[in-house]
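Below is one structure; the comments refer to it alone.
Protein chains: 2
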Amino acid sequence: MKPPVRIAITGGAGQIAYSLIFRIASGEMLGPDQPVILHLLEVPAALKALKGVLLELEDCGYPLLQNVVMTDDTNLTFIDVDYALLVGAAPRGPDMERSDLLKVNGEIFKVQGKALNEFASRDVKVLVVGNPANTNAYIAISAAPDLNPKQFTAMMRLDHHRAIAQLAAKTGAEITAVKNIIIWGNHSATQYPDISHATVNGQPAKSLVDQDWIVNEFIPTVQQRGTEVIKARGKSSAASAAFAALSLMRDWAMGTEQWVSTAIVSDGSYGIAKDLVYSFPVTIKNGEMSIVQDLEIDEFSRSCLQASQRELEQERDTIADLLH
Amino acid sequence: MKPPVRIAITGGAGQIAYSLIFRIASGEMLGPDQPVILHLLEVPAALKALKGVLLELEDCGYPLLQNVVMTDDTNLTFIDVDYALLVGAAPRGPDMERSDLLKVNGEIFKVQGKALNEFASRDVKVLVVGNPANTNAYIAISAAPDLNPKQFTAMMRLDHHRAIAQLAAKTGAEITAVKNIIIWGNHSATQYPDISHATVNGQPAKSLVDQDWIVNEFIPTVQQRGTEVIKARGKSSAASAAFAALSLMRDWAMGTEQWVSTAIVSDGSYGIAKDLVYSFPVTIKNGEMSIVQDLEIDEFSRSCLQASQRELEQERDTIADLLH
Numbered sequence: 001m002k003p004p005v006r007i008a009i010t011g012g013a014g015q016i017a018y019s020l021i022f023r024i025a026s027g028e029m030l031g032p033d034q035p036v037i038l039h040l041l042e043v044p045a046a047l048k049a050l051k052g053v054l055l056e057l058e059d060c061g062y063p064l065l066q067n068v069v070m071t072d073d074t075n076l077t078f079i080d081v082d083y084a085l086l087v088g089a090a091p092r093g094p095d096m097e098r099s100d101l102l103k104v105n106g107e108i109f110k111v112q113g114k115a116l117n118e119f120a121s122r123d124v125k126v127l128v129v130g131n132p133a134n135t136n137a138y139i140a141i142s143a144a145p146d147l148n149p150k151q152f153t154a155m156m157r158l159d160h161h162r163a164i165a166q167l168a169a170k171t172g173a174e175i176t177a178v179k180n181i182i183i184w185g186n187h188s189a190t191q192y193p194d195i196s197h198a199t200v201n202g203q204p205a206k207s208l209v210d211q212d213w214i215v216n217e218f219i220p221t222v223q224q225r226g227t228e229v230i231k232a233r234g235k236s237s238a239a240s241a242a243f244a245a246l247s248l249m250r251d252w253a254m255g256t257e258q259w260v261s262t263a264i265v266s267d268g269s270y271g272i273a274k275d276l277v278y279s280f281p282v283t284i285k286n287g288e289m290s291i292v293q294d295l296e297i298d299e300f301s302r303s304c305l306q307a308s309q310r311e312l313e314q315e316r317d318t319i320a321d322l323l324h
Numbered sequence: 325m326k327p328p329v330r331i332a333i334t335g336g337a338g339q340i341a342y343s344l345i346f347r348i349a350s351g352e353m354l355g356p357d358q359p360v361i362l363h364l365l366e367v368p369a370a371l372k373a374l375k376g377v378l379l380e381l382e383d384c385g386y387p388l389l390q391n392v393v394m395t396d397d398t399n400l401t402f403i404d405v406d407y408a409l410l411v412g413a414a415p416r417g418p419d420m421e422r423s424d425l426l427k428v429n430g431e432i433f434k435v436q437g438k439a440l441n442e443f444a445s446r447d448v449k450v451l452v453v454g455n456p457a458n459t460n461a462y463i464a465i466s467a468a469p470d471l472n473p474k475q476f477t478a479m480m481r482l483d484h485h486r487a488i489a490q491l492a493a494k495t496g497a498e499i500t501a502v503k504n505i506i507i508w509g510n511h512s513a514t515q516y517p518d519i520s521h522a523t524v525n526g527q528p529a530k531s532l533v534d535q536d537w538i539v540n541e542f543i544p545t546v547q548q549r550g551t552e553v554i555k556a557r558g559k560s561s562a563a564s565a566a567f568a569a570l571s572l573m574r575d576w577a578m579g580t581e582q583w584v585s586t587a588i589v590s591d592g593s594y595g596i597a598k599d600l601v602y603s604f605p606v607t608i609k610n611g612e613m614s615i616v617q618d619l620e621i622d623e624f625s626r627s628c629l630q631a632s633q634r635e636l637e638q639e640r641d642t643i644a645d646l647l648h
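Protein chains in written order, with the numbering used here: chain V, 1 to 324; chain W, 325 to 648.
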């Protein structure tokens, strides 16, 4: 039996975590031969509910689950963890501006970044799911100078899945027939779902659909999909978000030659300002993400890439005070 | 690719279904090479929330999921289904006696039994999860005279898992080291979690723990575990219930030589009144459950078996009018 790996999940009693924890414990993230120890963080008011999750985990009797650490202490949460899924975030209150939300969450992710910097495994891989995810990741990276910024990513994988599903449905193809979809930018309504380089059963996607559908249906549907789910369910996406997080972490651990979209620190590729946490198409090998290079970017795409960059720059400016 | 199988799930927008649907779609119930078509039933008021579940399912893009039928029509739900997981049930209202609950649910399961009788595959396998599960199954069986009563079971698997987890924790053993646990009787506080025939790493469990622990800790802890989860989570068990349902259905489809506990129509084994839906230890081969025979039942066990039988007889008498 392999030695266990430690996986931290914040917001442990929340909806996404509830869809995530049991699947990680059953081996869906790291495979059926990898024992895991879960570190679950919650705010004090939610520890009782988290205890209920623990009871249910015990009742499932997952052989791979070696231990569970349950705490409201951020430092304790991250001791020696190999993976951290930062799922918990403060929700937007009724009278809150977006800038307030950025600041409230900024404080949380600053504390978590510091704790990761001090206590986590030196090879920790950190996925930020809690929104606003890109800027939360940006803050955590800033607070963790001893870790490589490449050890952090913010989740765009759900948007990536949504875009694949829309294109597959439109073209009547299987999900697995769709390749090289890209989501660029921020995990927000300015994200740019891009099929310029996508193929469906090996054929260029752009030859199968018209520009009007792309601009007026595909892009807004993917951008607004989260809102559509909330309207129907009365709650935000949880099971599909958990599945996206699992998919990304599995790819990060095991590697993938498929293009996947994930938000990482910009190295200036495609003219995106350095250090912004921006979604690019990447491939993953030996735990390292590489941005797919040299793609042709047409004028329409360029303006979309820039619009999302501008939003991320504004978010960065809003939380600039927190970085000191 | 195999032809798809059709799986009905009632209470499709509920908590247990939310933990169940995505895992069935990902292949956890019937394996990674078995395409599925889901038939999801909800009451009209919950169809909008169910639509949200459908959006999330699409966003996961599970290659095995060929189609989803979403309806509030019971007959439509069960057309040609190979498996039916009857998860939805009316909850106990504030001023409701247990007898009221039995009757309200009795009506629901009578309608579902009739629809299964008329529309389902002749080989359908039906798991009743919604409580009071045993008597709900009894009613559905009564309403489905053209199906074999052995095509129905009521879920005791969560209790079975809970008992294994408690004994493993007490003896410091791995979950997989515990064999031949039995839950007898009704899925209620009268159930009898029995370790008389259980082994832990091949040793008789009774030689490892004392009778006082069995009577005063083990049995009440397993019997009251559902209540303990509700107290902590503020909601009833969902992920662990979904996992138990998946485990049972997988065993039913694939077979198991391990003893599992599940409630089936009594054939008179162990002196249990015929036709009650009572939990026994069973093994499963080629889709057929066989009650493990010739176990020695001591005096203490006998009285526990009888107490749970008496409760099921009372439940049967309460709903007797519904059967005509």
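We put the CB at the ideal spot given by N, CA and C, even for glycine. The structure presented is a predicted model; accordingly, all values stated were derived computationally and were not measured.
The residues 4, 6, 66, 67, in chain order, have a CB closer than 6 Å to that of residue 37 of chain V in the same chain once the five nearest residues on each side in sequence are set aside. Put simply, the stretch 157 to 177 of chain V does not touch the stretch 301 to 311 of chain V. Fewer than three CB pairs are less than 8 Å apart. Of the residues V:50, V:47, V:189, V:157, the one whose Cα lies closest to the Cα of residue 180 of chain V is V:157. At a cut-off of 8 Å between beta-carbon atoms, residue 567 of chain W makes contact with chain V.
Against chain V, a Cβ distance below 9 Å from residue 586 of chain W picks out nothing, because the smallest value is about 16 Å. In this structure residue 582 of chain W is exposed. Its beta-carbon is surrounded by fewer than 16 other beta-carbon atoms within 10 angstroms. Its Cα nearest to that of residue 402 of chain W, the residue W:332 stands out among W:558, W:332, W:608, W:473.
By the Cβ-count criterion, residue 94 of chain V is exposed, with fewer than 16 other Cβ atoms from all chains shown falling within 10 Å of its own Cβ.
Shown here for residue 367 of chain W: same chain residues with a beta carbon closer than 7 Å to its own, the five before and five after excluded, namely 396 in chain order.
Judged by DSSP in its simplified three-state form, residue 281 of chain V adopts strand. Separation of residue 220 of chain V and residue 438 of chain W (C-alpha to C-alpha, rounded to the nearest whole angstrom) is 45 Å. Taking C-beta atoms under 8 Å as the contact rule, residue 136 of chain V and residue 189 of chain V fail to qualify, at a distance of about 17 Å.
Pairing residue 631 of chain W with residue 616 of chain W, the inter-Cα distance amounts to about 21 Å. Shown here, residue 548 of chain W sits in coil according to DSSP, grouped into three states, outside any helix or strand. In the DSSP assignment, residue 138 of chain V falls within the unbroken alpha helix (DSSP H) covering 133 to 142.
Judged by their CB atoms, residue 487 of chain W and residue 456 of chain W are not nearer to each other than the 8 Å cut-off. Judged by their CB atoms, residue 81 of chain V and residue 124 of chain V are nearer to each other than the 8 Å cut-off. DSSP, reduced to helix, strand and coil, places residue 593 of chain W within a helical segment of the structure shown. Judged by DSSP in its simplified three-state form, residue 7 of chain V adopts strand. Comparing alpha carbon positions, the residue from V:154, V:117, V:127, V:138 closest to residue 146 of chain V is V:117. Contact annotation: residue 178 of chain V and residue 200 of chain V have beta-carbon atoms nearer than 8 Å. Secondary structure note for residue 485 of chain W: its alpha helix (DSSP H) is the uninterrupted segment 481 to 495. When secondary structure is reduced to three states using DSSP, residue 507 of chain W falls in the strand class. Counting C-beta atoms within 10 angstroms of its own C-beta, residue 434 of chain W has 16 or more neighbours from the protein chains shown and is therefore classed as buried. For residue 179 of chain V, not one C-beta of chain W is nearer than 8 Å to its own C-beta. An exposed status is given to residue 355 of chain W, since fewer than 16 other beta-carbon atoms sit within 10 Å of its beta-carbon. Considering only W:498, W:542, W:509, W:510, the residue with the shortest C-alpha distance to residue 519 of chain W is W:542. Contact annotation: residue 187 of chain V and residue 134 of chain V have beta-carbon atoms nearer than 8 Å. For the C-beta of residue 239 of chain V, the chain W residues within less than 7 Å are, from N- to C-terminus, 342, 346, 380. Under the 8 Å Cβ criterion, the stretch 223 to 239 of chain V does not count as touching the stretch 257 to 277 of chain V, having fewer than three qualifying pairs. Taking the Cα positions, residue 535 of chain W is about 11 Å away from residue 529 of chain W. If you draw a straight line from the Cα of residue 548 of chain W to the Cα of residue 252 of chain V, it comes to about 41 Å. Residue 251 of chain V is outside the set of residues whose beta carbon lies under 8 Å from a beta carbon in chain W. Around the beta carbon of residue 10 of chain V, a 10 Å sphere encloses 16 or more other beta carbons of the protein chains shown; the residue is thus reported as buried. Annotation for residue 522 of chain W: 504, 505, 529 place their beta carbon closer than 6 Å to its own, counting only its chain and skipping 5 residues before and after. If you ignore the 5 residues before and after residue 53 of chain V, its C-beta comes within less than 8 Å of the C-beta of 12, 13, 17, 18, 21, 40, all in its own chain and listed in chain order.
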